[in-house]
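Heads up: the structure comes next, in structure tokens.
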Amino acid sequence: MGHKTGSAGRRLPSGEVQGRARGSRRVPAQTSPCREPLALKALPYHYPDSRPPGTDLAGSYPPRRSPSMSKMRKMRVFYLLLIFLCGAQSYTASRPNIVLLMADDLGVGDPGCYGNKTLRTPNIDRLANGGVKLTQHLAASPLCTPSRAAFMTGRYPVRSGMASRSLIGVFIFTACSGGLPTNEITFAKLLKNQGYSTALIGKWHLGVNCYNKTDFCHHPLRHGFDYFYGLPTTNLRDCKPGEGSVFTSASRWLVFIPLQIIGIAVLTLGVLHFLGLLHVPISVFICLLLLASLILILFLCFLHYFRPLNCFLMKNFDIIQQPMSYDNLTQRLTTEAVQFIQQNAETPFLLFLSFIHVHTALFSSKEFAHKSKHGRYGDAAEEMDWSVGQILNVLDELGLANDTLVYFTSDHGAHVEEVTTKGEIQGGSNGIYKGGKSNNWEGGIRIPGIFRWPGVIQAGLEIDEPTSNMDIFPTIAKLAGSPLPEDRIIDGRDLMPLLQGESQRSEHEFLFHYCNAYLNAVRWHPQNIQFLKGELSWRM
């Protein structure tokens, strides 16, 4: 047999046994007593015809047990215990800790392991060297909110209602009543039901409230997380003074152009009235000036209150910093993540560390400022890489590395059109791929995808098969021993057969990509590609 099946249903390479408790080494199958249960047959005991049942050959009562019978019973008990222990070990090995690391707006061309020669990402590269690197890993959407909804649920965002039909495809205001529907099942819910401790550190961006500011119907704690520390919406230029605004275009159309029109109208009517060509009541001038004043006052109030009302940090349901300060923000998030791992080292845990880097507004601590060759963007990316290293270090220090599946990715491609009013380019690199964030060219949806699980996933592999960030949902659900929901379509596929080399082909034949709620691109990966190649060569 080329492969064997573990107790959790996962196929294992020949020569390996699935049962592996934390800190234990892998046992070769040929030396393991758990490999095959030994079939034992009880030998019948025949009484001589001249002796009544119940007496032995010496005539004593009760009969003495044969030494061979006693030995075989002990062997039976011994093997049953070994089989039980093997099953228990298999159950432990199939329930690894899960650490999910997601960058914000990081391009596939930014990490060194994907070809960047000038941006320093040694810890992300260390992760890739110790695991599997996916070279055709795709986001379900080129925008934050729908991509994260697909990641959390394993479903296309159009299925959960998280794909907008308007121009703005993401949540910008905390007061938005929309969010990830309460009837959606996230991987956090599944793992929590399996006894995992769950935490989200960093960016959420999938809504907060439904009807009032205290119902928290879309909050992370309503979607399976035991602990939340981070930003409920997203990081914007408007959150950091002096970084400009994402509302420049809206301000132009809703404020400055109307004010210009009102100003021209007042001036024109004033001239006509002065020349005696048109009688204009004074009340008209008063109304126009009041309208202009109202527009200007509302605009100034928006500028003043947007930051405290939308840029704040929460710990569970409590606001702990309003407005949010960027001072050592990455260090604070990293500390929370490290402490969560330390507090749950003895039990299975799920940690989703959702970085605020490298979305604008760009920021970094003093230790990383002005150190990169790529300006402020590079400083932020290298600080994020430092945080990745801290997570890997604490797993090593606690002896959890071999029992933890670590995944690193980005929510979509880099925002290559991100340029300040001063001409500073603040977006990342999508390598050789055209496009970027907010469009479905390859640069907008192709993202880094790195998995590491020492002893289970072979180190240093590259897989050039189409995969999706939706695949995380069924992959970790199966590892945790949770059945997938049967009342809905799950678009993701279990990646473990591909990551372990048991399968050479992606299970995705089609991957659909939407511009908000409208189908925009389809990736076709024919399952019978060899047949098609042969047919094509025959016709040529």
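Going by the UniProt record's numbering, the sequence shown opens with residue 1, and the numbers climb by one from there.
Backbone N, C-alpha and C fix where the C-beta goes; we use that ideal spot for every residue, glycine too.
This structure is a prediction, so every number in the text was calculated from the model and none was measured.
Distance CB(residue i)-CB(residue j) smaller than 8 angstroms
i: ARG95; j: ALA480; result: yes
i: HIS415; j: LEU119; result: no
i: LEU395; j: THR404; result: yes
i: SER482; j: ASN344; result: no
i: GLY230; j: LEU200; result: yes
i: ASN97; j: LEU400; result: yes
i: LEU106; j: ARG446; result: no
i: HIS223; j: THR186; result: yes
i: LEU498; j: LEU100; result: no
i: SER177; j: HIS412; result: no
i: LEU333; j: GLY202; result: yes
i: VAL280; j: LEU291; result: no
i: ALA517; j: VAL255; result: no
i: VAL419; j: LEU127; result: no
i: SER354; j: MET102; result: yes
i: LEU180; j: LEU206; result: yes
i: ILE341; j: LEU298; result: no
i: PHE171; j: PHE317; result: no
Beta-bridge pairing of residue i - partner residues as DSSP gives them
i: PHE510; result: TRP524
i: LYS133; result: ILE450 and GLU462
i: THR409; result: MET102 and GLY449
i: VAL419; result: ILE425
i: ILE319; result: MET314
i: LEU519; result: TYR514
i: ILE201; result: TYR229 and LEU353
i: THR404; result: ASN97
i: THR467; result: HIS137
Element boundaries [alpha helix (DSSP H), containing residue i]
i: GLU442; result: 442-445
i: LEU309; result: 282-310
i: THR248; result: 248-251
i: SER387; result: 375-397
i: LEU267; result: 257-274
i: ALA188; result: 187-193
i: LYS240; result: Taken as a continuous stretch (DSSP letters only), LYS240 belongs to no alpha helix (DSSP H), as it is neither H nor E.
i: MET152; result: 144-153
i: ARG159; result: 157-160
i: PHE363; result: No alpha helix (DSSP H) holds PHE363; DSSP gives it neither H nor E.
i: ILE341; result: 329-343
i: PRO474; result: 472-479
Nearest to residue i (by Cα), restricted to the options the options
i: HIS513; options: TYR114, ALA150, GLY131 and ILE98; result: ALA150
i: ARG155; options: GLN136, TYR114 and GLU184; result: GLU184
i: ARG376; options: ASP487, SER387, SER482 and HIS357; result: HIS357
i: SER387; options: LYS117, ILE124 and GLY115; result: ILE124
i: LEU236; options: ILE490, ALA175, VAL338 and LEU362; result: LEU362
i: GLN321; options: LEU278, ASP379 and PRO232; result: PRO232
i: GLY455; options: ASN402, HIS205, ILE172 and PHE228; result: ASN402
i: SER325; options: PHE317, LEU100 and ASN310; result: ASN310
i: LEU190; options: VAL266, LEU398, GLN527 and MET152; result: MET152
i: GLY263; options: ARG505, ILE286 and GLY161; result: ILE286
i: PHE510; options: ASN516, ASN528, GLN331 and LEU134; result: ASN528
i: ILE450; options: GLU382, PRO146 and MET496; result: MET496
i: GLN504; options: LEU134, THR347 and VAL208; result: LEU134
i: GLU465; options: GLY115, GLN136, LYS117 and VAL108; result: GLN136
i: SER293; options: ILE319, LYS366, GLN260 and PHE473; result: GLN260
i: ARG307; options: GLY244, GLU417 and GLN500; result: GLY244
Alpha-carbon to alpha-carbon, residue j and residue i
i: SER164; j: PRO122; result: 37 angstroms
i: SER468; j: ALA477; result: 16 angstroms
i: GLU462; j: PRO258; result: 56 angstroms
i: TRP524; j: VAL132; result: 23 angstroms
i: ASN193; j: ASP226; result: 11 angstroms
i: THR475; j: HIS508; result: 14 angstroms
i: GLY130; j: GLN458; result: 8 angstroms
i: CYS113; j: LYS434; result: 20 angstroms
i: ALA380; j: ASN212; result: 35 angstroms
i: HIS359; j: ILE425; result: 13 angstroms
i: ASP238; j: VAL246; result: 7 angstroms
i: GLU442; j: ASP110; result: 15 angstroms
i: ALA265; j: SER438; result: 39 angstroms
i: LYS315; j: PRO220; result: 11 angstroms
i: PRO526; j: ILE295; result: 57 angstroms
i: PRO48; j: GLU502; result: At PRO48 the pLDDT is 38, less than 50, meaning the model places this residue with poor confidence; the figure from the coordinates comes in the next sentence. Going by the C-alpha atoms only, they are around 58 angstroms apart.
i: THR330; j: ALA521; result: 35 angstroms
i: SER251; j: PRO485; result: 45 angstroms
i: ASP471; j: SER506; result: 11 angstroms
i: MET384; j: GLY444; result: 21 angstroms
i: THR214; j: PHE228; result: 16 angstroms
i: LYS240; j: ASP327; result: 11 angstroms
The beta strand (DSSP E) enclosing residue i, as first and last residue numbers
i: MET496; result: Here MET496 belongs to no beta strand (DSSP E); instead the alpha helix (DSSP H) covers 496-499.
i: GLY230; result: 227-231
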